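Residue 223 in the working numbering sits at position 194 of the sequence shown, with consecutive numbering throughout.
Note sheet for the following structure.
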Amino acid sequence: MTYLIKAHTTFYVFIIFIGLFFVISSEYSINNVPLSQRINFYERDLPPLGSIELLPDNDYEEADSAESPPGKLFGTDLSAMDTQRGRDHGLPPYVHMVRYCSGGRVNITSFGDLVQLMDLENIGFLRKTYSFVEDIDLWVGLQMENHFPQSEVGPTSVCLIAKQFYFLKFGDRFYFEHKGEVPSFTAAQRKSLKQCSLARILCDNTPITHLQKNVMLLPSFNNPEIPCSQIPEIDLTPWKETVQE
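Dropping the structure here:
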C-alpha cells in the first residue's frame, strides 16, 4: 500500500510539472520528425501495454488488490495504467527528460547510452520492449534508473521532483514563508505556522491519543510514540487584533 501511494504521488507530481512548465508545440520532434506527423506515434510504434515488462521483478499481486474482481487473485496493473496516463497527457519521452535534467550533458541516442543511468539487465528489458530508445515512456524509464545516492528514486526523478517543488514554492506569491509581499505573514506568524504537522492534524481530527512526531516514519527510538498533548500546536495569538473602541 505504501508503494502504491508513493507511486501515485510521484506520477502526479510529474504530471503537474510537465503541465505547468512545458509547452509542447507541433514542432516538438523525435528523430527530427514533428509530432504533428506522428499523431498515432504510440499506437503505431509501441507494443500493447499488457506486453510491456516494466520491471525485472514485477509483483502485480500488490497492484490495487482492492479492485480485484471477485474470484481473481490479481488487481489492475498500476504500472501499465500510469504508463498509459503518461501517454494520454502527452509527456515527453524519457530520453528527452534526461537531456533536460542534465542540461544537455547526457544525450541518449542508443540503448547502449543508457548504461550511464541503469544496469544492463534493465537496458535489456527496454531493448526487448521498445524498437527505438526515443520511444521509452517517461514513467518506464524513471523506474529503471539506478537510485540517486540517499534516495529511493533515480537522478531524473530527483530532478523532476526537486524542480516541481521549487516552482510550486517560488512561483506562488502566497507561499507562507515569503517575506515582503503584501499578503506575507509576520515573523511570529510564520514561526507559529511551522508548528503545524501531520501528526498534529491527526491528533486533532481522529480518536488517536498517541503518535510519533514524524508520522511518515515508523516508530523508533528516535521517533517514539508520544501523547498528542506533547505534539506542538499552532499558537493563534500572533493573529489577534486589537479592537479600538
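Even for Gly, the Cβ is constructed at its ideal location relative to N, Cα and C.
In this text the structure is predicted, and so the values were computed from the model without any measurement.
Evaluate His-176 with the Cβ neighbour count: other Cβ atoms within 10 Å of its Cβ, from every protein chain shown; 16 or more gives buried, anything less gives exposed. His-176 comes out exposed.
Any idea if Asp-148 is buried or exposed, counting beta-carbon neighbours within 10 angstroms, 16 or more meaning buried? With fewer than 16 Cβ atoms within 10 Å of its Cβ, Asp-148 is classed as exposed.
Looking at the secondary structure, which residues open and close the beta strand (DSSP E) in which Leu-240 lies? Its beta strand (DSSP E) spans residues 239-241.
With Ala-228 and Leu-246 assumed to form a contact (beta carbons below 8 Å), what rounded beta-carbon distance in angstroms separates them? Contact flag wrong, Cβ pair sits at about 11 Å.
For Val-211, does the count of other Cβ atoms within 10 angstroms reach 16, so buried, or fall short, so exposed? Taking every protein chain shown into account, the CB of Val-211 has fewer than 16 other CB atoms within 10 angstroms, so this residue is exposed.
How long is the line joining the alpha carbons of Gly-170 and Asp-264, rounded to whole angstroms? CA-to-CA, the gap between Gly-170 and Asp-264 works out to about 46 Å.
At least three beta-carbon pairs within less than 8 Å, the stretch 198-208 to the stretch 133-144: As far as the Cβ criterion goes, the stretch 198-208 does not touch the stretch 133-144, which means the pair count is below three.
8 Å contact criterion, which Glu-163 and Pro-121 should meet: CB distance rounded: The pair is not a contact, with the Cβ atoms about 10 Å apart (cut-off 8 Å).
Suppose contacts are defined by Cβ-Cβ distances below 8 Å. Is Phe-205 in contact with Phe-214 by that definition? Closer than 8 Å, so yes.
Which residues in the same chain have their Cβ closer than 6 Å to the Cβ of Pro-178, if we skip the five residues on either side of it in sequence? Nothing listed; no residue qualifies.
In the DSSP assignment, what residue or residues form a beta bridge with Ile-255? Leu-240, per the DSSP bridge assignment.
Which term fits Tyr-159, buried or exposed, when burial requires 16 or more other beta carbons within 10 angstroms of its beta carbon? Counting Cβ neighbours within 10 Å, Tyr-159 comes out buried, since at least 16 surround it.
Cα separation between Cys-188 and Cys-130? Distance between the alpha carbons of Cys-188 and Cys-130: 6 Å.
With a Cβ-Cβ cutoff of 8 Å, do Gly-183 and Leu-222 count as a contact? Their beta carbons are not under 8 Å apart, which means Gly-183 does not touch Leu-222 by this criterion.
Coil, strand or helix - Leu-64 by DSSP: The predicted model places Leu-64 with a pLDDT of 31, which falls under 50 and marks its position as unreliable; any figure quoted below should be read in that light. DSSP places Leu-64 in helix when its eight states are reduced to three.
Those runs of the beta strand (DSSP E) which lie wholly inside the stretch 199-227 and span at least 3 residues: For the stretch 199-227, not a single whole beta strand (DSSP E) run of length 3 or above is found.
Helix, strand or coil at Asp-297 [DSSP, three-state]: The structure shown does not extend to residue 297, since the chain is modelled only from 30 to 274, so the question has no answer here.
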